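Working notes, beginning with the structure itself.
Protein chains: 2
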Amino acid sequence: MGDVAAAVGVSKTTISRYLHGEFDCMSEETRARIEQVIADLDYRPNKIAQGLKATYSRMIGVTVADIGNPFSSMLLKGIHQECHARDIQLLVSESNNAIDLERSNIESLLDAQVDGLIVNTVGNNDAWLADYCAKEGSRPVVMLDRAIDPIVCDCVVTDNRHATFTMLDYLAEQGFAYVAYVSPPMRGISTRRIRRDAVLSYMQDRPMRGEILEFEYGQPAQLAASLKALIDRHGKERLCLFANNESTMSAVVQALPHAACCGPERLPVGICSFASEEWAKCTRSGITCLDQRPVVMGREAAGMLLARTYDGYTGEATVKEIPATLCVYPSTSF
Amino acid sequence: MGDVAAAVGVSKTTISRYLHGEFDCMSEETRARIEQVIADLDYRPNKIAQGLKATYSRMIGVTVADIGNPFSSMLLKGIHQECHARDIQLLVSESNNAIDLERSNIESLLDAQVDGLIVNTVGNNDAWLADYCAKEGSRPVVMLDRAIDPIVCDCVVTDNRHATFTMLDYLAEQGFAYVAYVSPPMRGISTRRIRRDAVLSYMQDRPMRGEILEFEYGQPAQLAASLKALIDRHGKERLCLFANNESTMSAVVQALPHAACCGPERLPVGICSFASEEWAKCTRSGITCLDQRPVVMGREAAGMLLARTYDGYTGEATVKEIPATLCVYPSTSF
DNA sequence: CTGTTAGCGCCTTCAT
DNA sequence: ATGAAGGCGCTAACAG
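Residue numbers (the working numbering), protein chains in the order written: chain C, 1 to 334; chain R, 1001 to 1334.
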């Protein structure tokens, strides 16, 4: 900036004004000269230095539990769309499903002076997060695909209870009398808990029966054994496996012999899952799924965050529920 | 920092020294007092201000063509692993497959003072990128899953030619006499071009015959028609469709009626693809694939970038080829 | 062992 | 219509 000023023969103040479009009180000539010199020198203002002076950096921080997950990458896509439109940079980090990493990531992002945070928490970290939100001078936070209780910050989640009910209604219609909800351990993750509770509550009031089947990602053999036992136990009764997410769906599919899913030997076992349609429709012969529309969720979260961060919005913290879409494929038809 | 200094009753310099672990020339007492006050005040140094003074920001920039792609998210995972280990922040943006967005993203990242760049280019932007690399004072750049010609910066790519040959050898073994390589238009993307050329060159020297089948993502009907014609033309001759990437594989699978892939009516049509194993093994009855190990690629790219950016490495620009892994599934067995 | 000073690149009053 | 000066939070000589 000093170079430009010197080359034009004006002070840095004038250059600064030029950069901010304050042309009203500037001679047309200076204006043109500055433009010229900036082009010649290929000068670009240093955003970091601007941010040092201003109280904002025009960067927001994002932590996701697992960035390798295609669902997370869709969330990021949505977040990026919204932020890019407003010229906000994205500082991204992943916590690899570890709580201490999540905490240190958030602290690092804050050290980097992000103006706000989008957090897809790994779970069991609510107290710490609530603590941060309560601190005065804290930056706005939006929880993504997670809710926090009590609601201390905006949350963007799938309408999990309603979506679960929609799926179960559909399964009942298809003649499934028994549903096993397959999920990784809850681990304080609101989304998982709410879905499980929805399944249990649905079954309390209706003829449908079922169970919750927890499993650990690392243990495919164990899952295969549980599923085999379950299926054997049910004989010819129509049974459906309802997976909590894509990874679970993938594990379920692999635990089942392929012949069980299609062809003449097909067992009376349906499969469905929370999963993106794009992925589910190609899995096996096509798996019925609840698509959470993660891109929309990401956009929504970013929108809420930017409103608070840059537009001075100060309404109460709210939970925004995004409806999931039921997509029917052959895995639940007989 | 001023507050801390005041509270302790020393100058900011001393605090600065404390923060950088320069305890050798500091009384044990001051040291302890500073530690105390920092804890009390919950003080954390401003990385941005540090970066303003230093000539680096400890941030690197990443642009990917399409962040929603699971492959890209794996690349990011690898990049993040390496950067996190060295306490480097990641500024991420996506170009949504648009060249002008890619350019403006790179400029924005540079404005944000990133110390280096990892670029997964959308294609047809080589001249512009080479231009940037040649500019003096430019930050180090690593191209990821893309090569640039001539090699003006480090590139991390799959060993595309070798991988393609490996797959074709395997297909020949399985008795496929004809292979259709299905790919989106090349659009100046090195990876696509090299794979296509490998297919053509393989077929020149060997009995295997085949063709290149270009298609546009948006046009499933057209692809379905091409495939139908192709299959009809070949009657009972064993034929394999070889997809360039996951999206293409997905399109191919959807263009084919499910009965064509398994069961008694199965056509003599194999399918294989460049794709991650995790995804391919669940698709239909399991699809033979070349897994590019994107996490490794991301790590490698970040490693090379950090070496140049922070360790003063200045060797010649090189192309690092990561071997792909052939994973066999039922889609190519009869 | 610790403080003073100057400055990174920019913005913002207050003058002129 | 334009400048000068001070300061954002921190670091790096150079003193003492």
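Quick reminder that beta carbons are idealized off the backbone N, C-alpha and C, glycines included. Keep in mind the model is a prediction, meaning the values are calculated, not measured.
Just to check my reading of the structure: C/PHE215 and C/VAL182 have Cβ atoms closer than 8 Å, yes? What is that Cβ distance to the nearest angstrom?
Approximately 6 Å separates the beta-carbon atoms of C/PHE215 and C/VAL182; this is inside 8 Å, confirming the contact.
Grab the span of the beta strand (DSSP E) containing R/LEU1336 for me, first residue to last. Given a span of 1001 to 1334 for chain R in the structure shown, any question on residue 1336 of chain R remains unanswerable.
Grab the span of the alpha helix (DSSP H) containing R/ARG1209 for me, first residue to last.
First-last for R/ARG1209: 1209-1214, but that is the beta strand (DSSP E), not the alpha helix (DSSP H).
Could you list which residues in chain R have their beta carbon closer than 9 Å to that of C/ASN120, in chain order? By Cβ distance, chain R contributes nothing, its closest Cβ being about 13 Å from C/ASN120, past 9 Å.
(Q) Would you call the region 79-90 of chain C in contact with the region 124-143 of chain C, where contact means no fewer than 3 C-beta pairs closer than 8 Å? (A) Between the region 79-90 of chain C and the region 124-143 of chain C, the count of Cβ pairs shorter than 8 Å is below three; the stretches do not touch.
Contact set between R/GLY1021 and chain C, taken where Cβ atoms lie within less than 9 Å
Residues of chain C passing the Cβ test: none, with the nearest at roughly 17 Å.
Checklist line | Interface residues of chain R facing C/PRO70 [CB-CB closer than 9 Å] | finding: Those within 9 Å of C/PRO70 in chain R are GLY1068, ASN1069, PRO1070, SER1073 and TRP1279.
Helix or strand or just coil, what does DSSP make of C/GLY188?
Residue state for C/GLY188 is assigned as coil, using DSSP reduced to three classes.
Residue from C/GLY51, C/ARG192 and C/SER273 whose Cα sits closest to the Cα of C/THR121:
Distance from the Cα of C/THR121 is smallest, within the candidate group C/GLY51, C/ARG192 and C/SER273, for C/ARG192.
#### Entry: R/MET1297 - containing alpha helix (DSSP H), residue span
For R/MET1297, the uninterrupted alpha helix (DSSP H) segment begins and ends at 1294-1310.
### Query
Quick one: Cα of R/GLU1029 to Cα of R/HIS1020, how far?
C-alpha separation (whole angstroms): 17 Å.
**Asked** Can you give the Cα-Cα distance for R/SER1201 and R/VAL1179, rounded to whole angstroms?
**Response** If you take the alpha carbons of R/SER1201 and R/VAL1179, they lie about 13 Å apart.
**Study point:** Beta bridge counterpart(s) of R/MET1143 as assigned by DSSP
**Key:** In the DSSP assignment, R/MET1143 forms a beta bridge with R/VAL1119 and R/CYS1155.
Counting only Cβ pairs nearer than 7 Å, list the residues of chain C close to R/LEU1052. Scanning chain C for C-beta atoms nearer than 7 Å to the C-beta of R/LEU1052 yields ILE48, ALA49 and LEU52, reported in chain order.
Fully enclosed by the region 37-89 of chain C, which beta strand (DSSP E) runs are 3 residues long or longer?
As for any beta strand (DSSP E) of minimum length 3 sitting wholly inside the region 37-89 of chain C, the runs are 59-64, ordered along the chain.
Worksheet entry | According to DSSP, residues forming a beta bridge with C/TYR178 | Its beta-bridge partners are C/ARG209 and C/LEU239.
Cα-Cα separation, R/ARG1284 to C/CYS282:
When rounded, the distance between both Cα atoms is 6 Å.
Q. Going straight from the alpha carbon of R/LYS1012 to that of R/VAL1004, what length do you get?
A. One C-alpha to the other measures close to 8 Å.
Original post:
Among R/SER1190, R/LEU1117, R/ARG1187 and R/ILE1099, which has the Cα closest to the Cα of R/ILE1079?
Top reply: Selected option, being the one with the closest Cα: R/LEU1117.
What whole-angstrom Cβ distance do R/ALA1255 and R/ALA1224 have, given they're in contact under 8 Å?
Cβ atoms of R/ALA1255 and R/ALA1224 come within 8 Å of each other, at about 4 Å.
* With a cut-off of 7 Å, does the C-beta of C/ASP111 fall near any C-beta of chain R? -> By this cut-off, C/ASP111 is an interface position.
Taking Cβ to Cβ, would you say R/VAL1156 is nearer than 7 Å to R/GLU1300?
Yes, the pair counts as a contact, with Cβ atoms nearer than the cut-off.
*asked:* Can you pull the chain C neighbours of R/GLU1321, defined as C-beta to C-beta under 9 Å?
replied: Taking a Cβ-Cβ threshold of 9 Å, none of the residues of chain C is close to R/GLU1321; the smallest such distance is about 22 Å.
(message) Assuming the contact rule is C-beta atoms closer than 8 Å, C/ASP159 and C/VAL142 should be a hit. Round their C-beta distance to whole Å, please.
(response) Their Cβ separation, rounded to whole angstroms, is 17 Å, which puts C/ASP159 and C/VAL142 out of contact at 8 Å.
State buried or exposed for C/PHE102, treating a residue as buried only when at least 16 other CB atoms are found within 10 Å of its CB.
-> One detail in the question is off: residue 102 of chain C reads as Glu in this sequence, not Phe. Buried, because 16 or more other Cβ atoms sit within 10 Å of the Cβ of C/GLU102.
Notebook entry, point to check: Which first and last residues belong to the beta strand (DSSP E) in which C/PHE274 is found?
Noted result: Unbroken beta strand (DSSP E) run through C/PHE274: 269-274.
Note to self: Looking at the strands, I want to know which residues DSSP matches up with R/THR1288.
What the structure shows: In the DSSP output, where bridge partners are listed per residue, R/THR1288 has R/CYS1272.
Worksheet item: Is the Cβ-Cβ distance between C/VAL269 and C/LEU290 less than 7 Å?
Response: Contact: no.
Cutoff 7 Å: C/LEU200 Cβ touching any chain R Cβ: It does not: the Cβ of C/LEU200 has no partner Cβ on chain R nearer than 7 Å.
request  = Could you tell me if R/GLU1237 is buried or exposed, where buried requires 16 or more neighbouring beta carbons within 10 angstroms of its beta carbon?
outcome  = Counting every other CB atom within 10 Å of its CB across the protein chains shown gives R/GLU1237 a total below 16, marking it as exposed.
task = Verify the CB distance criterion: does R/LEU1091 have a CB-CB separation below 7 Å to chain C?
result = Yes, R/LEU1091 counts as interfacial toward chain C.
- Query: Measuring CB to CB, does R/MET1335 end up less than 7 Å from R/ALA1275?
  - Reply: In this structure chain R extends from 1001 to 1334, so residue 1335 of chain R is not present and cannot be described.
Inset, instruction - Label C/LYS77 either buried or exposed according to how many other C-beta atoms from any shown protein chain fall within 10 Å of its C-beta, with 16 as the threshold for buried. - result: Label assigned to C/LYS77: buried.
_In the DSSP output, which residue or residues are listed as bridge partners for C/THR248?_
According to DSSP, C/THR248 bridges with nothing at all.
### Three-way DSSP call (helix, strand, coil) for C/SER11 in this model
Assignment of C/SER11 by DSSP, reduced to helix, strand and coil, places it in the coil class.
Discussion item. Please report the straight-line C-alpha distance between C/THR309 and R/THR1325, rounded to a whole angstrom.
Written reply: Near 46 Å, if we compare the C-alpha coordinates of R/THR1325 and C/THR309.
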